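Read the structure below first, then the notes.
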Amino acid sequence: MTERSRPRLNIGAVRSTFAPWMDPAAKPLVRFENVVKRFDGETAVAGVSLDIYEGEFFALLGPSGCGKTTLMRLLAGFEDPDEGRVTLAGEDLAGKPPHRRPVNMMFQSYALFPHLSVEKNIAFGLRQQGLGKDEIESRVSEMLALVRLDGLARRKPHQLSGGQRQRVALARAIAPRPKMLLLDEPLAALDKKLREETQWELMALQQSLGMTFLIVTHDQEEAMVTADRIAVMREGRIVQIGRPAEVYEAPNSRYVADFIGDVNLFEGKVETADGQMVRLLSDEAQGGFEAVEDDVIAAGAPAWLAVRPEKIQVHLVPPPPGPNRLAGKVADIGYLGDWTTYLVELPGGRTIRAARANASRFVERPVDWDDEVWLTFAPDAGVVLTQ
Amino acid sequence: MSARRDRTGLAALGPFLWLALFFLFPFLLVAKLSLSDTALAMPPYAPRLDWAQGLAGVQAFLAGLDLQTYARLTSDHLYVAAYLSSLKFAAVATAILLLVGYPVACAMARCSAAVRQALLMAVILPFWTSFLIRVYALIGILKPEGLLNTALAALGLGPVSLLNTDAAIYIGLVYAYLPFMVLPLYAVLERQHHDLLEAAADLGCTPFQAFWRVTFPLSLPGVAAGTLLCFIPMVGEFVIPDLLGGSGTLMLGKTIWTEFFANRDWPAASAVAIALLATLVVPIALYQRQQAKLMGTAG
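Listed in order, the protein sequences are those of chains C and G. Counted from 1, the first sequence has number 339 at position 340 by numbering that gives the first Met the number 0; the numbering is strictly sequential. Counted from 1, the second sequence has number 284 at position 285 by numbering that gives the first Met the number 0; the numbering is strictly sequential.
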């Protein structure tokens, strides 16, 4: 659960100007403190502490049933914590009903009111706030323009396409100008192409509004594109919090490495670990493995090396012997257009994934099925994991 | 495609014939009766069609039909009073049914699945007993030394005289028609997604406001269906006012019975029945239009 900051390495794309979580003086907008929630004896949230800062786009990522939706519903007020507390802008939310909380939620089902037109749906929260008629009208047209639904104001929800409904739900939740917008799997019902487009739109929208967004999703791509930080959840706990690139490039456990993206895990024993480089002995590679790693780990301890497919090179000519070198046979090739994925079978029978960007249209001698190949990767390609 | 359609049409022919034979034909008979005059004869009306005289007989028969009986209905204040009184009983009872049935349907829709099944069963259970027996049972409860007064006496209250009053009729109507109000309301409320209420709460509604802004407007089709299912048969209800109401109770069902059997005035009874039907066609047509509109917007 600890944030794994590695000042020595600069990881991936980072919006370095925005990092309130690095500032010890910054006050979080939302704070979960040791929150526990049980349903009929089943623990949905098992002690979560989490700070979310103003202006942040935060993602809760995990498989279904990991407690991410419950965590969001605790914030919206649809559930009350059994233990711990949730504060918003310093105020304890305990016992405060949903209608008095300054957060709005966009539901996975959208939950549009079927008897009301698009504009009445958007105006619903504004009317509850007791705004004047003119104010409501101008805000509704502002929202319609924001989500590009002008001209559809008088339609009923059932007369809209799925993408349009999604935008109405978004506009309805943003219109009351909440302190925080909660998005429960907001893109799950859209088809792939539309989902990808909407991810970028959502991120741009959050930047232009400057509103704090909390998104719950099981789709890692959605979380990685949109969020400033991601919390990876498992069985009611947060297992890692970090920027998308940190979570991907520096996972703190085999679970996170495996959940986010594709990964090859090699089991081994620590030979030496001096705070700069870790050497692993493994049955899988004759030369063993070595990886850049500043943690000091006791020699002889079991460890895993996690290597992403795109960081593995495939060679047709045997490279010189050394660490991080494996021999095998190509079992399968998946051509995806932008990437080609190779499944390479090791002599032990295990299959390793290697991927290569198709940077040029033609290759002199492409790697083919049943080719004898060698796989290598750089010392900074793999992550040593002890959990 | 068209052959298939033909066969579907054929399958529908049976029920249509059945309706024509047992609904349309008797209806025409009653309509004809309402245009006849009373006569001291067997059967007690005139004119009668004399087939033996051929075309002349038919002409004579048609010449004998008139709207006199309807004129009598409008001029005799007793009929008008019975008519208005029936509408009043049905309207008030429908209002009470809505007030009682809505919370019941709401509670059923929000129960867990297992409890819901049990409650649904409980609503339907009375149909397992004869309607007449259930109304008689109500007499046993409401009569001066009945169950109700015995219970009240045990509490040191009472006695109340309910039997043979308008109150008894309302009790009977509400009791007998409650399932017809609860079931359509339950059907629409059960379909409503809980998400909608959460969304309303999220957007600032108290539970009470969420009910009026979301639950109730969305349940209007059920309200309409329940209202019509109860109101229409209650206007013509005969058994309940006859058994539970006083001798002075004016309701159309009773009037029809009295005209037919006590006064042997078949044309008057028929005219009352036709007039009742004509009034009820209006709400039925409205209901049908609303249903058609719903069908158009659904999905």
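Quick reminder that beta carbons are idealized off the backbone N, C-alpha and C, glycines included. From a predicted model like this one, the values you see are computed outputs, not experimental measurements.
Check, Outcome
"Looking at the unbroken beta strand (DSSP E) that takes in Trp338(C), where does it start and where does it end?", "338-344"
"Could you confirm whether any beta carbon from chain C is found closer than 9 angstroms to the beta carbon of Val222(G)?", "no"
"According to DSSP, is Gln95(G) part of a helix, a strand, or is it coil?", "Position check: residue 95(G) holds Ile in this sequence, whereas Gln was assumed. The answer is helix: DSSP assigns Ile95(G) an H, G or I state."
"DSSP on Leu54(G), reduced to helix/strand/coil?", "helix"
"Under 8 angstroms, CB to CB, which of the residues in the region 115-140 of chain C have a partner in chain B?", "Absent from the structure is chain B; the protein chains it does hold are C and G."
"Does the CB of Glu2(C) have a neighbour CB from chain G at under 9 angstroms?", "Any reading at Glu2(C) is ruled out, since the residue's pLDDT is 42, under 50, leaving its predicted position unreliable."
"Given this structure, state the Cα-to-Cα distance separating Asn33(C) from Gly46(C), to the nearest angstrom.", "4 angstroms"
"Report the rounded CA-to-CA distance for Ile121(C) versus Phe112(C), giving the unit in angstroms.", "10 angstroms"
"Note down the Cα distance separating Met180(G) from Val187(G), rounded to an integer number of angstroms.", "12 angstroms"
"The region 97-108 of chain C: which residues have C-beta closer than 7 angstroms to a C-beta of chain G, in chain order?", "Pro97, His98, Asn103, Met104, Phe106, Ser108"
"Check whether chain G comes within 9 angstroms of Phe212(C), counting only Cβ atoms and requiring the distance to be less than that.", "no"
"Report back the beta-carbon spacing between Leu72(G) and Ala261(G) to the nearest angstrom; my notes put them in contact at under 8 angstroms.", "About 17 angstroms; that fails the 8 angstroms criterion."
"Would you verify that the beta carbon of Pro216(G) is, or is not, closer than 9 angstroms to some beta carbon of chain C?", "yes"
"Please report the straight-line C-alpha distance between Leu115(C) and Ala172(C), rounded to a whole angstrom.", "15 angstroms"
"Taking the alpha-carbon positions, what's the Gln116(G) to Cys110(G) distance?", "9 angstroms"
"Helix, strand or coil for Val316(C), going by three-state DSSP, please let me know.", "coil"
"Just to confirm before moving on: does the CB-CB distance between Asp370(C) and Lys328(C) stay below 9 angstroms?", "yes"
"Please tell me whether Leu92(C) has its Cβ less than 9 angstroms away from any Cβ of chain G.", "no"
"Which residue's Cα is closest to the Cα of Pro378(C): Gln312(C), Ala24(C), Arg352(C), Ala356(C)?", "Gln312(C)"
"Is Asp91(C) helix, strand or coil by DSSP?", "strand"
"Just the C-alpha distance for Ala170(C) and Leu73(C), rounded to the nearest angstrom, thanks.", "22 angstroms"
"Can you tell which of Leu280(C), Val85(C), Arg307(C) has its C-alpha closest to the C-alpha of Gly260(C)?", "Arg307(C)"
"Would you tell me roughly how many angstroms separate the C-alpha atoms of Ala358(C) and Pro301(C), rounded to the nearest one?", "38 angstroms"
"Residues in its own chain within less than 8 angstroms of Ala297(C) by CB, not counting five upstream and five downstream?", "Val269, Ala272"
"Give me the residue from Lys26(C), Phe106(C), Ala58(C) with the minimum Cα distance to Gly89(C).", "Lys26(C)"
"So if I threshold CB-CB distances at 7 angstroms, which residues from the region 69-87 of chain C count as touching chain G?", "Ala75, Phe77"
"Please compile the residues from chain G whose C-beta is within a distance smaller than 8 angstroms of the C-beta of Ala110(C).", "His192, Asp194, Leu195, Glu197, Ala198"
"Pull the bridge partners of Leu279(C) from the DSSP assignment, please.", "Val269(C), Phe288(C)"
"Considering only residues of the same chain and omitting the five flanking positions on each side of Leu151(C), which have a CB-CB separation below 6 angstroms?", "Val117"
"Quick one: is Cys204(G) near chain C, going by C-beta distance under 9 angstroms?", "yes"
"Starting from Trp199(C), trace the beta strand (DSSP E) in both directions and tell me its first and last residue.", "Careful: Trp199(C) lies outside any beta strand (DSSP E), inside the alpha helix (DSSP H) at 191-208."
"Go ahead and label Ser281(C) buried or exposed: buried means 16 or more other beta carbons lie within 10 angstroms of its beta carbon, across all protein chains shown.", "buried"
"Taking CB distances under 9 angstroms as the criterion, tell me whether Ala297(G) reaches chain C.", "Its pLDDT being 45, under 50, Ala297(G) is placed unreliably in this model, and the value from its coordinates should be taken loosely. Yes, contact with chain C."
"Return no unless some Cβ of chain C is closer than 9 angstroms to the Cβ of Val213(G).", "yes"
"Would you tell me roughly how many angstroms separate the C-alpha atoms of Ala10(G) and Asp337(C), rounded to the nearest one?", "59 angstroms"
"Nearest-angstrom Cα distance between Asp367(C) and Leu143(C)?", "53 angstroms"
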